[in-house]
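The structure appears below as structure tokens.
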């Protein structure tokens, strides 16, 4: 791995970096928001760059940051393998690398390194779309490894599974919402001949199963598939794990996996190709569920139990399809939701309890924006397929900066921008940038 050092930053000591972390792909609050300040107002591939690290291959996984480590899930194109990387946060130098498995993809839309790693400060866990799950201590010692495909059956998805794991309150959560019949030979039916979808909880210290909650759905065909990730949400003294997919959203008891409530459907006609990608997000007593394919967003009143009636929907976006999200997960920041539409090519700031759109802008350029938005330092950070980073003012949507961070020919860049302390971490198909103001 080649590292370029910039003289103005060589003298930065470890003590000068404040203690702050980004342990999960949606950040410390699981909603895309950061308390980072003094971030660089302008940047490029050469301006305000602390370091640049060459990566062995593309991946949609978001880097995570814990103290002085940056953990990266990646493909290695030269070796045709999946790898787990740890970089020094101050310099970008590689601290350790492990090869996990051979083979990097089965289709041209994504690859097996799409799930983001996760850490609790004691261990870091990497998960891959063909089912390999492996834990290391922060020094790179392998603690345990298992294959969910071997233990529970290959994932029954038309495309490549990409949900990220969740570490929360001493448990490791993984959701697998999949077809009920094999897809291209993938999937293991149970004794009843049906492939089960499930929410799985593991002991992060050993990888052992704590429980597996089967999550039924009456969705059909591809609409049973979800690429969303489980998300914790707390409201009025109650915490639950939100799970979206299979034409519905559910809330689960973190300790047992028991289903506390369910709402759906956004697909009453039982359309068969409505796979779900955005993860749910909550804020100000409201939970957002994003229907796919340019359909509305639904805002649910938090705190419900059982099968929720449609009156639990406090608002849904209108049929102009301006506020919608087919791939990016919405952001909750500064008391509002920020909804990025990859199909509509728009970003909207939305009031949680009413659905009122405070502002809406067109995203610049022609490339798609599938990376989820990040909020920090009063700004919203977006990244498109070509690796262009767009920065807008959270207050009014005004364009503040645009930087071409990708290399010529880059495509399908999807990693979320990370903001920690006074640093930005931007992953393109070939490089990881650490940016900071002088």
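In the working numbering, the protein residues as written are 1372 to 1809. Just so it is clear, CB atoms sit at the ideal spot from N, CA and C, and this is done for glycine as well. Quick caveat: nothing in here was measured; it's all calculated off a predicted structure.
Pairing residue 1610 with residue 1779, the inter-Cα distance amounts to about 45 Å.
Listed in chain order, the beta strand (DSSP E) runs fully inside the stretch 1659-1710 are 1668-1672, 1684-1687 and 1702-1704, counting runs of at least 3 residues. The residues 1634, 1671, 1672 and 1675, in chain order, have a CB closer than 8 Å to that of residue 1683 in the same chain once the five nearest residues on each side in sequence are set aside.
Below 8 Å, enough C-beta pairs join the stretch 1480-1487 and the stretch 1528-1538 to call them touching: three or more.
In the three-state reduction of the DSSP assignment, residue 1794 falls in the strand class, which pools E and B.
For residue 1802, the three-state secondary structure derived from DSSP is strand. Contact check between the stretch 1688-1696 and the stretch 1659-1666: three or more CB pairs, one atom from each, fall below 8 Å, which counts as touching.
The stretch 1563-1648 contains, as complete beta strand (DSSP E) runs of 3+ residues, the segments 1569-1573, 1580-1585, 1602-1606, 1609-1616, 1619-1623 and 1630-1634 (chain order).
With contacts defined by Cβ atoms closer than 8 Å, residue 1540 and residue 1625 form a contacting pair. Between residue 1471 and residue 1505, the C-beta spacing is below 8 Å.
Checking the DSSP bridge columns, you'll see residue 1532 has no partner listed. When the Cα atoms are used, residue 1782 and residue 1467 turn out to be separated by approximately 28 Å.
CA-to-CA, the gap between residue 1736 and residue 1401 works out to about 29 Å.
Measuring C-alpha to C-alpha distances from residue 1509 to each of 1725, 1628, 1517 and 1441 identifies 1441 as the nearest. Relative to residue 1476, the option among 1462, 1497 and 1453 whose CA is nearest is 1453. One thing to note: residue 1500 has its Cβ within 8 Å of the Cβ of residue 1483.
Between the C-alpha atoms of residue 1410 and residue 1436 there is a straight-line separation of about 16 Å.
In this structure residue 1689 is exposed. Its beta-carbon is surrounded by fewer than 16 other beta-carbon atoms within 10 angstroms.
DSSP, reduced to helix, strand and coil, places residue 1729 within a strand of the structure shown. The C-beta separation of residue 1648 from residue 1599 comes to about 7 Å, placing the pair in contact by the 8 Å criterion.
Contiguous alpha helix (DSSP H) elements confined to the stretch 1478-1566 occur at 1519-1523, taking only those with 4 or more residues. The Cβ atoms of residue 1621 and residue 1632 lie closer than 8 Å to each other. Sequence-distant partners of residue 1803 (beyond 5 residues in either direction) whose C-beta falls short of 8 Å from its own C-beta, in its chain, are 1423, 1424, 1426, 1434, 1441, 1443, 1458, 1463, 1796 and 1797. Beta bridge pairing from DSSP links residue 1775 with 1759. Here residue 1451 is exposed, its C-beta having fewer than 16 other C-beta atoms within 10 Å. Only exposed fits residue 1678, as fewer than 16 other CB atoms lie within 10 angstroms of its CB. In this model, residue 1644 and residue 1777 are separated by some 32 Å (Cα to Cα).
Beta-bridge pairing by DSSP links residue 1445 to 1454.
Rounded to the nearest angstrom, the Cβ distance from residue 1759 to residue 1774 is 7 Å, consistent with a contact under 8 Å.
As the crow flies, the alpha-carbon of residue 1592 is around 12 Å from that of residue 1616.
For a cut-off of 8 Å, the C-beta gap from residue 1669 to residue 1404 is around 21 Å, too long to register as a contact.
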